[in-house]
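Student: Handing you a structure now.
Number of protein chains: 2
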Amino acid sequence: MKDAPRRRPRQSDIAKLAGVSQTTVSIVINGRESDTIRIPPETRRHVFEVARSLGYVVDPVARSLAGGMNRLIGVYTFESMFPMDHHDFYYPFLVGIEAAAEALGYDMLMFTSATGSDGSRSIYRDGVNRLGLADGCVLLGKETNRDDIVRLRDEGFRFALVGRRDVPGPIAYVTADYASATAQVVDHLVGLGHERIAYLTAADPSEPSADRDAGFRAAQSRHGLDTDGLVLPVRKEDGPSAEEVRRLLAAGATAFVAHESVVALRLLGLLEGMGVDVPGACSVAALSDPPHDVPGPELTCFRIPGREMGTRAVELLVRQLESEEEVEPEAVALSCTFVAGQTSGPNRKES
Amino acid sequence: MKDAPRRRPRQSDIAKLAGVSQTTVSIVINGRESDTIRIPPETRRHVFEVARSLGYVVDPVARSLAGGMNRLIGVYTFESMFPMDHHDFYYPFLVGIEAAAEALGYDMLMFTSATGSDGSRSIYRDGVNRLGLADGCVLLGKETNRDDIVRLRDEGFRFALVGRRDVPGPIAYVTADYASATAQVVDHLVGLGHERIAYLTAADPSEPSADRDAGFRAAQSRHGLDTDGLVLPVRKEDGPSAEEVRRLLAAGATAFVAHESVVALRLLGLLEGMGVDVPGACSVAALSDPPHDVPGPELTCFRIPGREMGTRAVELLVRQLESEEEVEPEAVALSCTFVAGQTSGPNRKES
DNA sequence: CCATCATGATGATGCGCATTATCGAGCTGG
DNA sequence: CCAGCTCGATAATGCGCATCATCATGATGG
Numbered sequence: 488m489k490d491a492p493r494r495r496p497r498q499s500d501i502a503k504l505a506g507v508s509q510t511t512v513s514i515v516i517n518g519r520e521s522d523t524i525r526i527p528p529e530t531r532r533h534v535f536e537v538a539r540s541l542g543y544v545v546d547p548v549a550r551s552l553a554g555g556m557n558r559l560i561g562v563y564t565f566e567s568m569f570p571m572d573h574h575d576f577y578y579p580f581l582v583g584i585e586a587a588a589e590a591l592g593y594d595m596l597m598f599t600s601a602t603g604s605d606g607s608r609s610i611y612r613d614g615v616n617r618l619g620l621a622d623g624c625v626l627l628g629k630e631t632n633r634d635d636i637v638r639l640r641d642e643g644f645r646f647a648l649v650g651r652r653d654v655p656g657p658i659a660y661v662t663a664d665y666a667s668a669t670a671q672v673v674d675h676l677v678g679l680g681h682e683r684i685a686y687l688t689a690a691d692p693s694e695p696s697a698d699r700d701a702g703f704r705a706a707q708s709r710h711g712l713d714t715d716g717l718v719l720p721v722r723k724e725d726g727p728s729a730e731e732v733r734r735l736l737a738a739g740a741t742a743f744v745a746h747e748s749v750v751a752l753r754l755l756g757l758l759e760g761m762g763v764d765v766p767g768a769c770s771v772a773a774l775s776d777p778p779h780d781v782p783g784p785e786l787t788c789f790r791i792p793g794r795e796m797g798t799r800a801v802e803l804l805v806r807q808l809e810s811e812e813e814v815e816p817e818a819v820a821l822s823c824t825f826v827a828g829q830t831s832g833p834n835r836k837e838s
Numbered sequence: 488m489k490d491a492p493r494r495r496p497r498q499s500d501i502a503k504l505a506g507v508s509q510t511t512v513s514i515v516i517n518g519r520e521s522d523t524i525r526i527p528p529e530t531r532r533h534v535f536e537v538a539r540s541l542g543y544v545v546d547p548v549a550r551s552l553a554g555g556m557n558r559l560i561g562v563y564t565f566e567s568m569f570p571m572d573h574h575d576f577y578y579p580f581l582v583g584i585e586a587a588a589e590a591l592g593y594d595m596l597m598f599t600s601a602t603g604s605d606g607s608r609s610i611y612r613d614g615v616n617r618l619g620l621a622d623g624c625v626l627l628g629k630e631t632n633r634d635d636i637v638r639l640r641d642e643g644f645r646f647a648l649v650g651r652r653d654v655p656g657p658i659a660y661v662t663a664d665y666a667s668a669t670a671q672v673v674d675h676l677v678g679l680g681h682e683r684i685a686y687l688t689a690a691d692p693s694e695p696s697a698d699r700d701a702g703f704r705a706a707q708s709r710h711g712l713d714t715d716g717l718v719l720p721v722r723k724e725d726g727p728s729a730e731e732v733r734r735l736l737a738a739g740a741t742a743f744v745a746h747e748s749v750v751a752l753r754l755l756g757l758l759e760g761m762g763v764d765v766p767g768a769c770s771v772a773a774l775s776d777p778p779h780d781v782p783g784p785e786l787t788c789f790r791i792p793g794r795e796m797g798t799r800a801v802e803l804l805v806r807q808l809e810s811e812e813e814v815e816p817e818a819v820a821l822s823c824t825f826v827a828g829q830t831s832g833p834n835r836k837e838s
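Protein chains in written order, with the numbering used here: chain U, 488 to 838; chain C, 488 to 838.
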């Protein structure tokens, strides 16, 4: 019926129809009344009516360019968002982000176009930073690119990270208190009488790993634990080898603490294969979320508050966006929930 | 170190440094040489050098404003997107949408703010159609609001639906070929010797249900099946009652076909409770995706190509967006994949 | 009756870029 | 010696909006 692909209406169209100026329309639309500039309710209503009748919506691009706000929160992930393998990781964060965005009246802009042909992602891929379309951005991902982050900040772009990142200078981020949670797991094991605790740390360093290491060391020295020959870096993809596990057992380990749940699961499998009863002869704990939908005994571990982290990140961001003055970027650490589980028990071996 | 949030360099900065005009910079950056407009290689190289030295990157916002499109694809769901119960439903579509958007260089704008305080959703909440922020929109949801859709179309807004909707006039949508898939399931059962097939259809009518009904009726008449007393409308939330199942069995049913997987699962439970062996004494099939992560025998059913549907919807939309002339909205139906499963077997009962 | 002030607006400008129309200089050929 | 051409580039304009400075009008008050 409509062959003329009717242009989107703009403020000037409204202005003409309403018999006012474009400026007035802009002011009304944005509720920008102030002391020096007033629009009487009647005019305002009239403008609104015309706007509705035309189906007017602000053009976010123009508004950005002119320096305005779009009530858009960007979500940028350093890896592709939905593919299955990433999904379990991102999902809780996204839930929290969506909830907060919705509650605060923002829409979510998911930046998907930044992916290069090789599958890698960079904010500045091809030199283009599309993020600016959003008022601010929540950044997440395991493989955070630090250079990108610093550059973003130096450009004055507002953002909040999910996950702590060590970069020079202040940035807003939300993390989980891995150190305390780790210490709590160790405390639990020590409380069960364990003194020789094997520690399967992450092979590749990252901030979350470092936090766990710090928590472990703190608990260790607090309890006066000796960990000689009990620390083993493990790659998440490989897990520990049977040989390594045997060596740790030979070194007197009565409990195992692994960064990754999947590593703990593999460990459980190996121990079962060796005829080592868990938690009878040996305890196992993980320093992350319990695995999803895996049969077997409930793992001793802690729950990372993913949903809350997403929510808080948005709140941090919005606070930056909505305050007039410059807000010092804030860092937040949320507590994890300890899960006692069924893979840890009292130490039966006398020391 | 930098308290003056160093402005990003712009083309005019390059121009000044390189001793050329902003126009020239734009032309060089965009490779816009033509017959009427030429920049000698030397100048071009010089401009590039200065640009690099300044760390120049195009501002996509400004470029969009000058160009027209903002390379944004909206995603609107008639229900909230991430809460767990909706998630399984939406997830495959989102995967496909993200992949397509990524491949075509668009960003995804997820409309989350459209939810009213009462939790209900409407595109035209408050009379403003935020969807206009995007160049076009993919619409999904079970509870599609037909009025909204018609209005959208009449406003000249470009969109594509995931899922068929009966509305007056042409719209672009992608659906699955439920009718054929349903017929295939029936064929499978008939091939196993079943003649009395109970049909648990959906209690609330919807297009996907109607498609299945049509497919069932087609297969039924093709095979000359008699379904007297074998058709039962079932609400997804309730499932069939034990009484109803008994009645169907008494009516001679040797096989059950249910729209919903969950209904089929409940049915399996009831039959087991009655001591009816599946698939020994009786076959069960569903007309939708196999349930996720549910232990037990694999259900005879079909797989809905959710991912592909999402992808195709984006492609349909982008075709509309990128073509110069008006494109007639197109409808696409994708095939489902039959899953033989383990809940159907030969009919042992002589008829 | 003129200075002052509050009210209700508006014109001009710029955000950073793409595009269109145009222009000057040098060169050719008649 | 100048019309006509090519080469190399540019000034101007507009995209849709926000914002700043300004302005006309009528009321107030001294």
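The beta-carbon is built from N, C-alpha and C at its ideal position, and this holds for glycine as well.
Output needed for Asp664 of chain C: all residues of its chain with C-beta closer than 6 angstroms, excluding positions within five of it in sequence on either side, in chain order.
Tutor: Only Ala820, Ser822 meet the Cβ criterion.
Student: Give me whichever residues DSSP pairs with Arg530 of chain C in a beta bridge.
Tutor: For the record, residue 530 of chain C in the displayed sequence is Thr; it is not Arg. Beta-bridge pairing links Thr530 of chain C to no other residue.
Student: To the nearest angstrom, how far is the alpha carbon of Glu682 of chain U from that of Phe703 of chain U?
Tutor: Going by the C-alpha atoms only, they are around 13 angstroms apart.
Student: Is the region 784-796 of chain U touching the region 663-680 of chain U, taking contact as three or more C-beta pairs under 8 angstroms?
Tutor: Enough Cβ pairs lie closer than 8 angstroms, so yes.
Student: Please report the residue range of the alpha helix (DSSP H) in which Ile684 of chain U lies.
Tutor: Segment 684-689 is the beta strand (DSSP E) holding Ile684 of chain U; no alpha helix (DSSP H) there.
Student: Would you report the Cα separation of Phe743 of chain U and Val718 of chain U, rounded to the nearest angstrom?
Tutor: Whole-angstrom Cα-Cα distance: 10 angstroms.
Student: By the criterion of Cβ-Cβ separation under 8 angstroms, what are the contact partners of Arg495 of chain C in chain U?
Tutor: Within 8 angstroms Cβ-Cβ: Glu642.
Student: Relative to the C-alpha of Glu589 of chain C, which residue among C:Pro579, C:Phe565, C:Tyr563, C:Arg558 is closest?
Tutor: Closest by alpha carbon: C:Arg558.
Student: Can you grab the Cα-Cα spacing for the pair Ala751 of chain C / Tyr593 of chain C, in whole Å?
Tutor: Answer to the nearest angstrom: the Cα atoms are 40 angstroms apart.
Student: The region 796-810 of chain C: which residues have C-beta closer than 7 angstroms to a C-beta of chain U, in chain order?
Tutor: So the list is empty, because no residue satisfies the distance condition.
Student: Relative to the C-alpha of Pro720 of chain C, which candidate in C:Ile526, C:Arg699, C:Arg709 has its C-alpha closest?
Tutor: The candidate whose alpha carbon is nearest that of Pro720 of chain C is C:Arg699.
Student: If distances are taken between C-alpha atoms only, which option among U:Ala818, U:Glu817, U:Arg806, U:Cys769 comes closest to Arg835 of chain U?
Tutor: Arg835 of chain U has its Cα closest to that of U:Cys769, out of U:Ala818, U:Glu817, U:Arg806, U:Cys769.
Student: Contact criterion: CB-CB distance below 8 angstroms. Does Pro528 of chain U meet it with respect to chain C?
Tutor: Answer no: the Cβ-Cβ gap between Pro528 of chain U and chain C never drops below 8 angstroms.
Student: Looking at the unbroken alpha helix (DSSP H) that takes in Thr669 of chain C, where does it start and where does it end?
Tutor: Counting along the chain, the alpha helix (DSSP H) containing Thr669 of chain C begins and ends at 665-678.
Student: By Cβ distance below 7 angstroms, which residues in the same chain neighbour Glu817 of chain U in space, the five residues on each side in sequence not counted?
Tutor: Excluding residues within five positions, the ones whose Cβ falls inside 7 angstroms are Ala659, Leu803.
Student: So Ile516 of chain C is in the alpha helix (DSSP H); what residue range does that whole segment cover?
Tutor: Here the alpha helix (DSSP H) through Ile516 of chain C covers 509-517.
Student: Quick one: does Gly614 of chain C have its CB under 8 angstroms from some CB of chain U?
Tutor: Reliability fails at Gly614 of chain C, whose pLDDT of 46 lies under 50, so the model's placement of it is uncertain and the value that follows must be treated cautiously. At least one chain U Cβ lies under 8 angstroms of Gly614 of chain C.
Student: Going by beta-carbon coordinates alone, are Val562 of chain C and Phe535 of chain C separated by less than 8 angstroms?
Tutor: Not in contact: Val562 of chain C and Phe535 of chain C (Cβ atoms no closer than 8 angstroms).
Student: Taking 6 angstroms as the limit between beta carbons, can you name the residues of its chain near Thr669 of chain U, skipping five residues before and five after?
Tutor: Within the same chain, Thr669 of chain U has close Cβ partners Arg699, Gly702, Phe703, Leu774.
Student: Using the beta-carbon of each residue, which ones in chain U are nearer than 8 angstroms to Val677 of chain C?
Tutor: In chain order: nothing, as chain U lies at least about 36 angstroms away.
Student: Can you give the Cα-Cα distance for Asp850 of chain C and Val749 of chain U, rounded to whole angstroms?
Tutor: The question about residue 850 of chain C has no answer, for chain C in this structure spans 488 to 838.
Student: With a threshold of 7 angstroms on Cβ separation, who are the neighbours of Gly614 of chain U within its own chain once the five nearest residues in sequence on each side are excluded?
Tutor: Confidence in Gly614 of chain U is poor, its pLDDT being 46 and thus under 50, which makes the residue's placement unreliable; the coordinate value appears in the next sentence. No residues qualify anywhere along the chain.
Student: Would you call Arg645 of chain C buried or exposed, if buried means 16 or more other Cβ atoms sit within 10 Å of its Cβ?
Tutor: It is buried - the Cβ of Arg645 of chain C has at least 16 other Cβ atoms within 10 Å.
Student: With distances taken from CA atoms, which of U:Arg640, U:Ser831, U:Tyr578, U:Leu504 is nearest His779 of chain U?
Tutor: It is U:Tyr578 whose Cα lies nearest to the Cα of His779 of chain U.
Student: Take the Cβ of Gln807 of chain U as the centre, count every other Cβ of all protein chains shown within 10 Å, and call the residue buried at 16 or more, exposed below.
Tutor: It counts as buried.
Student: Assign Gln498 of chain C to buried or exposed, taking buried as 16 or more other Cβ atoms, counted over all protein chains shown, within 10 Å of its Cβ.
Tutor: Gln498 of chain C is buried by the Cβ-count criterion.
Student: Hey, would you say Leu754 of chain U sits closer than 8 angstroms to Pro784 of chain U, going by beta carbons?
Tutor: Their beta carbons are not under 8 angstroms apart, which means Leu754 of chain U does not touch Pro784 of chain U by this criterion.
Student: Would you tell me roughly how many angstroms separate the C-alpha atoms of Val826 of chain U and Ala621 of chain C, rounded to the nearest one?
Tutor: Roughly 44 angstroms between the two C-alpha positions.
Student: Please confirm whether Met595 of chain U has its beta-carbon closer than 8 angstroms to some beta-carbon of chain C.
Tutor: With 8 angstroms as the cut-off, Met595 of chain U counts as an interface residue toward chain C.
Student: Could you pull out every residue in the same chain whose Cβ sits closer than 7 angstroms to the Cβ of Ala586 of chain U, ignoring the five residues on either side in sequence?
Tutor: Once the five neighbours on either side are set aside, the close Cβ partners of Ala586 of chain U are Thr798.
Student: Would you mind reading off the limits of the beta strand (DSSP E) that contains Pro720 of chain C?
Tutor: Unbroken beta strand (DSSP E) run through Pro720 of chain C: 718-721.
Student: Taking CB distances under 8 angstroms as the criterion, tell me whether Pro777 of chain U reaches chain C.
Tutor: With 8 angstroms as the cut-off, Pro777 of chain U does not count as an interface residue toward chain C.
Student: Any C-beta of chain C sitting closer than 8 angstroms to the C-beta of Thr599 of chain U?
Tutor: Output row for Thr599 of chain U: interface = yes.
Student: Span of the alpha helix (DSSP H) holding Asp700 of chain C?
Tutor: That run of the alpha helix (DSSP H) goes 694-710.
Student: Work out the CA separation of Asp691 of chain U and Asp575 of chain U for me, nearest whole Å.
Tutor: So the two alpha carbons sit approximately 21 angstroms from each other.
Student: In this structure, does DSSP put Ala768 of chain C in helix, strand or coil?
Tutor: Coil.
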